[in-house]
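These notes concern the structure reproduced below.
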Amino acid sequence: MNFQTIIFKGVSAIVALIAVLFLAGCSKNEITVANAGSKPWHGIEVSAGGHVFVIETLEAGAFKTFDFDSMHEAGGFISVSREGKKQEQAFGYYTPNLTSEVALILGDHTDGIEVVDMESTVQTIENLVAEKSKERYAARRHLQVLGQELASENPKKAPTFSEGKNPDKRH
130 MNFQTIIFKG
140 VSAIVALIAV
150 LFLAGCSKNE
160 ITVANAGSKP
170 WHGIEVSAGG
180 HVFVIETLEA
190 GAFKTFDFDS
200 MHEAGGFISV
210 SREGKKQEQA
220 FGYYTPNLTS
230 EVALILGDHT
240 DGIEVVDMES
250 TVQTIENLVA
260 EKSKERYAAR
270 RHLQVLGQEL
280 ASENPKKAPT
290 FSEGKNPDKR
300 H
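Converting from the sequence shown to this note's numbering requires adding 129 to each position, the first position being numbered 1.
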């Protein structure tokens with residue numbers, strides 16, 4: 130081996146090491162918490178990859194995005210509350226060398242937080258929130274029509290629902 134070959138191999142190894150370190154340092158994660166409901170959510174706490182993110186209040190239709198590098202391996206966890214009801218849910222898994230892009234969508238009901246892998250969808254967070262909001266209003270309208278039909282069949286026993294009211298509560 131001559132001197133130039135040794136230098137070339139040494140420089141190649143250094144360049145490869147720098148590239149590996151650079152790529153390992155570029156693994157960003159993104160978590161978006163979105164409110165697709167009609168009321169604000171309070172006391173939102175998200176933990177993932179060794180970080181804890183807090184949102185005091187998330188208004189209806191709003192969303193908040195957190196970009197971060199994982200400090201260590203850990204699963205994701207969200208805790209939220211509204212009207213005195215607390216909900217918690219685990220999601221995802223975060224490591225220092227892999228990326229993840231997740232949306233956590235909160236709705237009007239506390240029966241689940243929808244977890245969307247944003248890397249596997251072409252929709253934006255704005256489109257997802259708008260779509261979920263439309264679903265909420267469509268369901269309310271279907272309940273109103275059903276209530277009106279029941280009221281016309283048996284006016285003494287059928288519940289009625291009025292616009293803007295919670296369809297879960299009878300009047």
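Just so you know, even glycine gets a beta-carbon here, dropped at the ideal spot from N, CA and C. All values derive from a computational prediction rather than experimental measurement.
State the Cα-Cα distance for the pair residue i and residue j, rounded to the nearest angstrom.
i              : j              : result
lysine 193     : serine 141     : 43 Å
valine 183     : leucine 279    : 45 Å
leucine 233    : glutamate 217  : 12 Å
lysine 263     : aspartate 237  : 12 Å
glutamate 212  : lysine 157     : 34 Å
leucine 227    : glutamate 282  : 59 Å
tryptophan 170 : leucine 187    : 5 Å
alanine 191    : histidine 180  : 22 Å
leucine 257    : glycine 276    : 29 Å
glutamate 185  : isoleucine 143 : 47 Å
isoleucine 136 : threonine 253  : 49 Å
Report all residues from its chain with a CB closer than 7 Å to the CB of residue i; omit the five preceding and five following residues, and keep chain order.
i             : result
glycine 221   : Ala177, Gly204, Gly205, Ser229, Val231
threonine 224 : Ser199, Glu202
lysine 261    : Ala165, Ile234, Gly236
alanine 259   : none
alanine 189   : Asn164, Gly166, Ser167, Lys168, Pro169
Cα-Cα, which of the options is closest to residue i?
i              : options                        : result
leucine 235    : Ser167, Ile136, Asn158         : Ser167
valine 209     : Val162, Leu257, Asn158, Ile143 : Val162
isoleucine 207 : Ser281, Val175, Pro169         : Val175
alanine 165    : Ala280, Glu255, Glu282         : Glu255
isoleucine 242 : Glu282, Glu159, Lys215         : Lys215
I'd like the list of long-range same chain contacts for residue i, defined as Cβ closer than 8 Å, with 5 residues on each side in sequence excluded.
i           : result
lysine 298  : Confidence at lysine 298 is low in this model, with a pLDDT of 49, below 50, so its placement is unreliable and the value that follows should be read with caution. Result list for lysine 298: empty, nothing under 8 Å.
leucine 150 : Summary for leucine 150: the model assigns pLDDT 49, below 50, so the residue's position carries little reliability, and this model does not support an answer.
glycine 154 : Because glycine 154 carries a pLDDT of 49, less than 50, the predicted location of this residue cannot be relied on, and the following value inherits that uncertainty. Excluding residues within five positions, the ones whose Cβ falls inside 8 Å are Asp198.
Residue range of the beta strand (DSSP E) that residue i falls in?
i              : result
glycine 166    : Looking at the DSSP string, glycine 166 is not in any beta strand (DSSP E), and its letter there is neither H nor E.
isoleucine 234 : 229-235
glycine 221    : 214-223
glycine 204    : 203-211
glutamate 248  : Here glutamate 248 belongs to no beta strand (DSSP E), and DSSP marks it neither H nor E.
isoleucine 184 : 180-187
Ignore the nearest five residues each way along the sequence and tell me which others in residue i's own chain have a CB closer than 6 Å to its CB.
i           : result
alanine 219 : Gly204, Phe206
valine 327  : Because the chain spans 130 through 300 in this model, residue 327 falls outside it and cannot be assessed.
glycine 172 : Ser210
If we count Cβ pairs, one from each stretch, closer than 8 Å, do we get three or more for the segment 240-257 versus the segment 195-203? These segments do not touch.
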